[in-house]
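Residue numbers (UniProt numbering): 1 to 496.
Cβ atoms here follow ideal geometry from the backbone N, Cα and C, with glycine treated the same way.
One structure below.
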Amino acid sequence: MSEEILINVTPQETRIAYVENGVLQEINIERSRSRGIVGNIYQGRVSRVLPGMEAAFVDIGLERAAFLHVSDIELKPEEKETGVETRPRMIYDLLRTGQNLIVQVIKDPLGTKGARLTTEITIPSRYLVYLPNGRNIGVSSRIEDPVQRDRLKDILAEFMAESIERVGENEIGGFILRTAAEGATAEALRQDYDFLLRLWASVQERQSQTNGVGLIFEDLPIALRTLRDVLGRYVEKIRIDSRETYHRAIQFAQEMVPDILPILEHYPGERPLFDMHNIEQEIVNAMERRVPLKSGGYIIIDQTEAMTTIDVNTGGFVGSKNLEETIFKTNLEAASTIARQLRLRNLGGIIILDFIDMIEPDHRLAVQETLKRALEADHARTKVCEVSGLGLVEMTRKRTRESLEHILCTVCPTCSGRGTVKTAETVCYEIFREVTREARQYHAKQMLVIASSSVIDRLREEDSTSLAELQEFIGVPLRLQADVHYLPEQYDIVLM
């Protein structure tokens with residue numbers, strides 16, 4: 001599998017495209033006016049404690065208060081060491097209104113919800129993740145070689161022992177060795193180790209200078225975060241179409257991730273980078289409800305605030321053997337397509353998959369396994385449940401930022417997000433009822449009805465007889481006026 005990362009930069013936004021074997025798999029967008037805040041560290045102040053929800057709202061200086069659940073409040077060192085808590089943790093035992101604390105954002109604000117916070121601070125670098133409030137050394141589970149795991153832990157333990165002897169145990173914290181650390185030299189680990197300690201010292205200094213609430217550490221911009229996190233992936237090329245960003249990337253890579261220097265490339269071409277790889281069209285396609293399958297079937301994706309539903313249909317695929325085989329092949333193809341679409345559209349939360357009903361148990365199992373294998377490439381954590389009694393597959397996908405649709409789109413002003421609008425006939429009958437109400441309440445010499453062209457045309461044609469009967473009933477003449485600026489459901493009745 002070959003993977004390329006394409007970075008398109010403009011003054012307004014940066015877009016990161018992950019392309020595998022020539023096919024777009026994921027798109028990340030960060031706009032200069034609304035940068036994501038996941039990873040940022042703030043000094044916050046508890047504005048409200050909610051015992052009924054075992055949570056608190058924390059003011060971190062944003063428009064909406066952020067949310068901190070009791071499960072995201074870090075355990076005390078003695079609780080971590082024993083692994084046992086003396087009694088259930090209650091929010092009112094841990095926080096009080098007006099209390100200041102350091103928090104880190106783990107979820108961007110989504111819709112009407114504020115950001116989600118944790119007090120368990122983590123700061124990643126090339127090989128390590130620093131835990132300022134920790135004490136232990138952890139190793140990524142993806143480093144499977146026990147000899148390698150022990151070697152890395154021994155190196156880090158030596159560094160920490162030197163630091164503890166110099167400044168004391170409580171000043172050091174804990175570390176996690178990332179997957180990229182496998183095979184790293186002691187010198188490289190030392191550079192990361194010293195860098196993280198210096199960085200945390202600067203965060204503490206900034207906190208001491210912050211009187212109220214506010215930002216005390218900002219994560220890297222999306223282009224540099226991408227470079228930092230690229231190690232361990234099978235990336236053949238990273239192309240950047242901005243010369244300025246490319247030079248910043250080279251400088252960052254030299255200091256932090258020199259291994260990726262050979263695959264960094266500046267794209268100076270006249271033709272836009274995303275056009276070269278058909279990324280723009282893929283983004284347009286990702287806005288559609290209907291996703292065609294190569295076999296002739298299709299899936300329908302509907303995103304709501306509560307959950308996302310995905311329906312699988314055979315469409316024009318008739319198969320060559322029998323109905324069960326046709327359904328099975330459609331579902332298999334749909335399973336792989338769904339996994340890609342979830343990643344591409346960044347759909348999270350609860351997701352309900354309605355595959356076409358299958359009679360054979362082996363077919364159901366094969367479709368479920370295909371889905372799970374396809375989801376293995378997804379960086380977001382997913383959980384897939386067994387097929388329910390109604391033939392549905394329930395799954396969840398961790399959501400840390402807005403979906404692609406929410407970033408690029410807004411609620412339709414015509415339908416207000418319903419996805420449908422009232423017919424001209426329905427609006428005409430609403431007008432009839434409103435005219436009747438107005439005539440009973442007020443004594444008007446004449447009424448003017450202003451509405452969209454489609455509604456006015458219907459009043460003048462199909463409903464002209466009903467309109468004449470209404471005028472005779474209320475005893476008030478009605479004038480009609482079409483306005484091109486009126487939406488299909490919009491109308492006004494003016495008394496004259």
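With distances taken from CA atoms, which of the options is nearest residue i?
i	options	result
P477	L448, L487 and S454	L448
T179	S140, G22 and E462	S140
V103	C428, F57, Y18 and I143	F57
R373	M90, I356 and T337	T337
I60	L495, I137 and F217	F217
A306	K113, N40 and R228	K113
Just the C-alpha distance for residue i and residue j, rounded to the nearest angstrom, thanks.
i	j	result
G419	I121	41 Å
V147	E182	11 Å
R239	T382	29 Å
A184	E265	25 Å
N322	V291	24 Å
A439	T304	41 Å
E434	Y491	10 Å
R458	S464	8 Å
L454	T410	Correcting the residue identity first, residue 454 is Ser in this sequence and not Leu. Rounded to the nearest angstrom, the two C-alpha atoms are 25 Å apart.
L68	L101	11 Å
L332	L6	30 Å
A253	P262	10 Å
C428	V484	17 Å
A186	E324	58 Å
A482	R271	45 Å
L220	Y193	18 Å
T119	E74	6 Å
Q25	G391	28 Å
Q441	I431	15 Å
According to DSSP, which residues form a beta bridge with residue i?
i	result
residue 502	In the structure as shown, the chain begins at 1 and stops at 496. Residue 502 is therefore absent and cannot be evaluated.
H266	I240
A55	L50 and H69
Q104	I41 and T118
K153	According to DSSP, which records beta bridges pairwise, K153 is partnered with nothing at all.
K329	Paired residue(s): none; K329 is not in a bridge.
G349	R397
If I'm right that residue i touches residue j with Cβ under 8 Å, what's the distance once you round it to whole angstroms?
i	j	result
N346	S403	5 Å
F195	S125	6 Å
A335	V384	Actually they are not in contact, since the Cβ atoms of A335 and V384 sit about 10 Å apart, beyond 8 Å.
I351	L342	7 Å
V213	Q446	That pair is no contact at about 59 Å.
L131	I172	Not quite, the Cβ-Cβ distance comes to about 10 Å (not below 8 Å), so this is no contact.
V46	R116	Going by Cβ atoms, the distance from V46 to R116 rounds to 15 Å, so no, they are not a contact pair.
What are the boundary residues of the beta strand (DSSP E) that includes residue i?
i	result
R47	One point to set straight first is that residue 47 is Ser, not Arg, in the sequence displayed. S47 -> beta strand (DSSP E) spans I41 to L50.
L478	L478 to A482
L128	L128 to L131
M447	M447 to A451
L215	G214 to F217
I27	V23 to R31
L273	Note, L273: premise wrong, no beta strand (DSSP E); alpha helix (DSSP H) at L273 to M276.
Alpha helix (DSSP H) containing residue i: first to last residue?
i	result
P292	Counting along the chain, P292 falls outside any alpha helix (DSSP H), though it belongs to the beta strand (DSSP E) covering R290 to P292.
A380	Unbroken run through A380: none, as it is neither H nor E.
R198	A186 to S208
Q281	I279 to N285
T426	A424 to Q441
Y18	Element bounds for Y18: not the alpha helix (DSSP H) but the beta strand (DSSP E), E13 to E20.
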